[in-house]
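According to the numbering used here, the sequence shown is numbered sequentially starting from 139.
Backbone N, C-alpha and C fix where the C-beta goes; we use that ideal spot for every residue, glycine too.
Below is one structure, written out as structure tokens; comments come after it.
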Amino acid sequence: EDVDAIGVSILSGAHLTVFPRILSLMKEKNLNDVLLTGGGIIPDDDMEKLREMGVGKLFPPGTNTSDIAGYIREWVKENRSF
């Protein structure tokens with residue numbers, strides 16, 4: 139099925155490896171209109187690096203799930219055509 143977003147939770151410290159790999163796979167599969175977002179224990183500087191690579195907003199531990207869902211809904215509304 140066609141998805142609007144992919145969310146990844148990273149607690150291992152491998153975010154600078156995992157997110158770029160997923161972005162690469164998404165490009166290979168021409169998933170240019172799918173949001174890649176996530177969260178976990180990611181330093182602010184690394185969050186900025188990942189955003190520059192094309193990852194969407196990243197959320198720290200403790201973020202309210204309704205805030206995450208709201209971000210995804212807004213992104214989909216603004217970036218996906220149905």
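**Item:** For V172: DSSP bridge partner residues
**Value:** According to DSSP, which records beta bridges pairwise, V172 is partnered with nothing at all.
**Message:** Would I222 and L174 qualify as a contact pair, given that the criterion is a beta-carbon distance under 8 Å?
**Reply:** Lying before the first or after the last residue shown, residue 222 is absent from the chain, which here runs from 139 to 220.
**Prompt:** Hey, V141 and L161 are a contact pair by Cβ (cut 8 Å); roughly how many whole angstroms apart?
**Reply:** Their Cβ separation, rounded to whole angstroms, is 15 Å, which puts V141 and L161 out of contact at 8 Å.
**Message:** If the criterion is Cβ atoms closer than 8 Å, does the pair L196 and G208 meet it?
**Reply:** no
**Request:** Please state if the CB of M185 and the CB of V172 are separated by a distance shorter than 8 Å.
**Result:** no
**Item:** Residues that L135 bridges to, as DSSP identifies them
**Value:** A query on residue 135 cannot be resolved here, the shown segment of the chain reaching from 139 to 220 and no further.
**Item:** Local conformation of G145 per DSSP, three classes
**Value:** strand
**Asked** Which residues mark the beginning and the end of the alpha helix (DSSP H) in which S204 is found?
**Response** 203-217
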